[in-house]
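Asks: Here it is, the structure, as structure tokens.
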Amino acid sequence: MADQLLFNPRSYDPAHFDPETRRLLRATVDWFEDRGKRRLIEDYRSRAWLADFLAFSAKEGLFATFLTPASAADGHQDKRWDTARIAALNEIFGFYGLDYWYAWQVTILGLGPVWQSDNETARARAAELLSQGEVFAFGLSEKAHGADIYSTDMLLEPDGDGGFRATGSKYYIGNGNAAGLVSVFGRRTDVEGPDGYVFFAADSRHPAYHLVKNVVDSSKYVSEFRLEDYPVAAEDVLHTGRAAFDAALNTVNVGKFNLCTGAIGICEHAMYEAVTHAQNRILYGRPVTAFPHVRRELTDAYVRLVGMKLFSDRAVDYFRSAGPDDRRYLLFNPMTKMKVTTEGEKVIDLMWDVIAAKGFEKDTYFAQAATEIRGLPKLEGTVHVNLALILKFMGNHLLNPAEYAPVPTRRDAADDAFLFRQGPARGLGAIRFHDWRAAYDAFAHLPNVARLREQADALCEFVTTAAPDEEQSRDLDLLLAVGQLFALVVHGQLILEQAGLTSLDEDVLDELCAVLVRDFSAHAVELHGKDSATEDQQRWALSAVRRPVVDTDRSARVWQRVEALAGAYEMAP
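Note that the working numbering has the sequence shown beginning at -4, numbered continuously upward.
This is how it looks when you write it as structure tokens:
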């Protein structure tokens, strides 16, 4: 019987979605399964462009149906921007190969400034391009400045007719080789300061658009391109001034959420391979899975993966229920970008320690999984950047809760229109949250939930009595250690919320929280060792260390779930 917590193409039936969404998700799975593992791996190894996949997507109307908001759908009832089904497709793409996910992901980013724009001509053009099966690109980063949008060197010279001539280069731009529309960020030469920012739509097929190269050795076309005296007409302008700046950040809020579910798909496919190999591998007359350390590593990998899914699924609900008076998603977004994706790295590493040399073999999915999982925490902001962002929310989240109506599970066929009218990208420190303690209290009877709650309460004490002073607040090395502790509290909160909504097996939940207790202790020890940690902070750090509650019977029951994954799925050859 298939594990209900993991995606398995053999049994996949997303019955909670509407009929057309179910059809498209299942059709996508079938396309990959019909293509087969050998062809999938060969395309990956040969760096083949995704022409066949994009032809399939165009034929089925996949991108057009999932990525056209209702406001641009011209009455097409199945077209909407629905974060729940977008997340489901992310997981499928990750499961079969990050190259496919990437072409879709950067299309989402490229569409962000368009769907936030009031330019009806550009919106209609984007909708038509989607219906034709085109991909999109997000022209933000530059070689000299990265994603530092304050320092853009894409310059727009007024042409005297209400338009501009754009000159400059962009670097690390996905789909830049084929995008029907590239949303490009630049600044006017005749206006100083933030009022001079401009987002405009460019066409990669235009003669003034010069494709330089693919900057990575991959099927993912991560381009460098240059515009030379590119004509930008008034109807190409998407945003100007501060609105252009906000559109950049708000696009990242929408698009980078997809990293978490892509990572989940990668880990799921790799786990089937790893557990099957370990179970069938005989060492010293016994299966590899008979060794206690192997069982622990695979069990830890399994519960971490379940935690990734629980957190991400619950975060979807907050995205879909967001509004001007509820911006909690702005914490959960960097959490998915940072915490869920780094959990994915741990999951792969745990399994790789078990399967060892097998993880290098060219006929496995695992070999590419071990490579591709590394990129996700580093895309459009490193772990450090996202941890620093998460810290902005710590005081209000831990110590200053507010009342909110309960957020239900959101799998309804609704358009997530607020994501394209988020407003100014500021005021993060003023955002309030519901009381995180309620999620922990609901499972206080589980020993490791209770122990994790002790550590969360200890962090509140730290913030109140031993928080970094003004000088330490400039020591990012110390602050990042604090950020890791806070991230664990938030991670645990949404996991517990989703566990309650889905009636998760409590053995799995308590085993997962045992892992999180160990993680909290490890980060506390790391904080203890920081150069600038005060004596009070060092004492606090050691006092927050806890040992998880061991229950061999519980662990054995969870291991049975892991062991049952052996042979549960193998991709068609």
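Beta carbons are placed, not taken as given, at the ideal position from N, Cα and C, and that holds for glycine.
Run through DSSP, which three-state label would Asp148 get?
Replies: Counting from one through the sequence shown, the residue named residue 148 turns up at place 153. Note: Asp148 maps to coil in three-state DSSP.
Asks: Could you pull the start and end residues of the alpha helix (DSSP H) that Val217 belongs to?
Replies: Within the sequence shown, residue 217 is the residue found at index 222, counting from 1. Element bounds for Val217: not the alpha helix (DSSP H) but the beta strand (DSSP E), 217 to 227.
Asks: Pick from Glu456, Thr336, Glu501: whose alpha carbon is nearest that of Leu394?
Replies: On the sequence shown, residue 394 is found 399 positions in, with the first residue counted as 1. Of the candidates Glu456, Thr336, Glu501, the one whose C-alpha sits nearest the C-alpha of Leu394 is Glu456.
Asks: When the distance is taken between beta carbons, is Leu384 closer than 8 Å to Leu475?
Replies: Counting from one through the sequence shown, the residue named residue 475 turns up at place 480. Counting from one through the sequence shown, the residue named residue 384 turns up at place 389. Not a contact, by the Cβ cut-off of 8 Å.
Asks: Can you give the Cα-Cα distance for Leu104 and Ala317, rounded to whole angstroms?
Replies: Counting from one through the sequence shown, the residue named residue 104 turns up at place 109. Counting from one through the sequence shown, the residue named residue 317 turns up at place 322. One C-alpha to the other measures close to 19 Å.
Asks: Pop quiz: Glu137 and Ser164 are said to be a contact at Cβ under 8 Å. What is the actual Cβ separation, rounded to whole angstroms?
Replies: Here residue 137 refers to the residue found at position 142 when the sequence shown is read from its first residue. Here residue 164 refers to the residue found at position 169 when the sequence shown is read from its first residue. About 7 Å; that satisfies the 8 Å criterion.
Asks: Do the CB positions of Thr147 and Arg182 come within less than 8 Å of each other?
Replies: As a first step, residue 147 is located in the sequence shown; it is residue number 152 there, counting from the start. As a first step, residue 182 is located in the sequence shown; it is residue number 187 there, counting from the start. Contact check for Thr147 against Arg182 passes: the beta carbons are separated by less than 8 Å.
Asks: Below 8 Å on the Cβ atoms is my contact criterion, and I expect Asn85 with Gly257 to pass it. Report the Cβ-Cβ distance as a whole number of Å.
Replies: In the sequence shown, the residue the question calls residue 85 occupies position 90. In the sequence shown, the residue the question calls residue 257 occupies position 262. Confirmed, Cβ separation roughly 5 Å.
Asks: Which class does Val557 belong to by DSSP, given the choice of helix, strand or coil?
Replies: Along the sequence shown, one-based indexing puts residue 557 at 562. Correct three-state label for Val557: helix.
Asks: Is the region 164 to 173 touching the region 91 to 108, taking contact as three or more C-beta pairs under 8 Å?
Replies: yes
Asks: Spatial neighbours of His140 within its chain, please: C-beta separation below 8 Å, excluding the five flanking residues on both sides.
Replies: Within the sequence shown, the letter at position 145 stands for residue 140. Only Ser146, Thr147, Asp148 meet the Cβ criterion.
Asks: Quick one: using the 10 Å Cβ neighbour count with 16 as the cut-off for buried, is Ala574 buried or exposed?
Replies: The requested residue 574 is not part of the displayed model; the chain covers only -4 to 568.
Asks: Starting from Tyr360, follow the beta strand (DSSP E) in both directions and report where the run begins and ends.
Replies: Working through the sequence shown from its first residue, we reach residue 360 at position 365. First-last for Tyr360: undefined, no H or E at that position.
Asks: Please report how far the alpha carbon of Lys54 lies from the alpha carbon of Ile277, in whole angstroms.
Replies: Translated into positions along the sequence shown, residue 54 becomes position 59. Translated into positions along the sequence shown, residue 277 becomes position 282. One C-alpha to the other measures close to 46 Å.
Asks: DSSP state of Tyr192, grouped into three classes?
Replies: Looking up residue 192 in the sequence shown gives position 197. Here Tyr192 sits in strand by DSSP.
Asks: Is it right to say Val545 is buried, meaning 16 or more other beta carbons lie within 10 angstroms of its own, or is it exposed?
Replies: Reading the sequence shown from its first residue, position 550 is the one you call residue 545. Exposed.
Asks: Under a three-way DSSP split, which group does Lys334 fall into?
Replies: Mapped onto the sequence shown, residue 334 falls at position 339. Helix.
Asks: Please work out which residues of its chain come closer than 7 Å, Cβ to Cβ, to Ala364, disregarding the five sequence neighbours upstream and downstream, and give them in chain order.
Replies: Position 369 of the sequence shown, counted from the first residue, corresponds to residue 364. Cβ within range, chain order: Ile261, His264, Ala265, Ile343.
Asks: Quick check: the Cα distance between Phe306 and Val335, rounded to an integer number of angstroms?
Replies: Indexing the sequence shown from 1 puts residue 306 at position 311. Indexing the sequence shown from 1 puts residue 335 at position 340. Approximately 8 Å, taken between the alpha carbons.
Asks: Taking its Cβ as the centre, do 16 or more other Cβ atoms sit within 10 Å of His486, making it buried, or is it exposed?
Replies: Counting from 1 along the sequence shown, the entry for residue 486 is found at position 491. Buried, since its Cβ has 16 or more Cβ neighbours within 10 Å.
Asks: DSSP beta-bridge partners for Thr23?
Replies: On the sequence shown, residue 23 is found 28 positions in, with the first residue counted as 1. DSSP lists no partner for Thr23.
Asks: Who are the near neighbours of Ala296 in its chain, counting only those whose CB is closer than 6 Å to its CB and skipping five residues on each side?
Replies: Locating residue 296 in the sequence shown gives position 301, counting from the first residue. Val342, Leu345, Met346.
Asks: Please determine, among Arg405, Ala351, Met330, the residue with the shortest C-alpha to C-alpha distance to Thr497.
Replies: Mapped onto the sequence shown, residue 497 falls at position 502. Comparing Cα-Cα distances from Thr497 to each of Arg405, Ala351, Met330, the minimum goes to Arg405.
Asks: Report all residues from its chain with a CB closer than 8 Å to the CB of Gln493; omit the five preceding and five following residues, and keep chain order.
Replies: For the purposes of this step, residue 493 is taken as the residue at position 498 of the sequence shown. Result list for Gln493: Leu305, Phe306, Asp308, Arg309, Leu499, in chain order.
Asks: Could you tell me the alpha carbon to alpha carbon distance between Phe355 and Lys215, rounded to whole angstroms?
Replies: What you label residue 355 is simply residue 360 of the sequence shown in a count that begins at 1. What you label residue 215 is simply residue 220 of the sequence shown in a count that begins at 1. Those two C-alpha atoms are separated by around 21 Å.
Asks: Can you tell me which residues form a DSSP beta bridge with Tyr166?
Replies: Residue 166 sits at position 171 when you count from the first residue of the sequence shown. Bridge partners of Tyr166: Glu219.
Asks: Which of the three DSSP states is assigned to Asn248 in this structure?
Replies: The residue labelled residue 248 in the question sits at position 253 within the sequence shown. The answer is helix: DSSP assigns Asn248 an H, G or I state.
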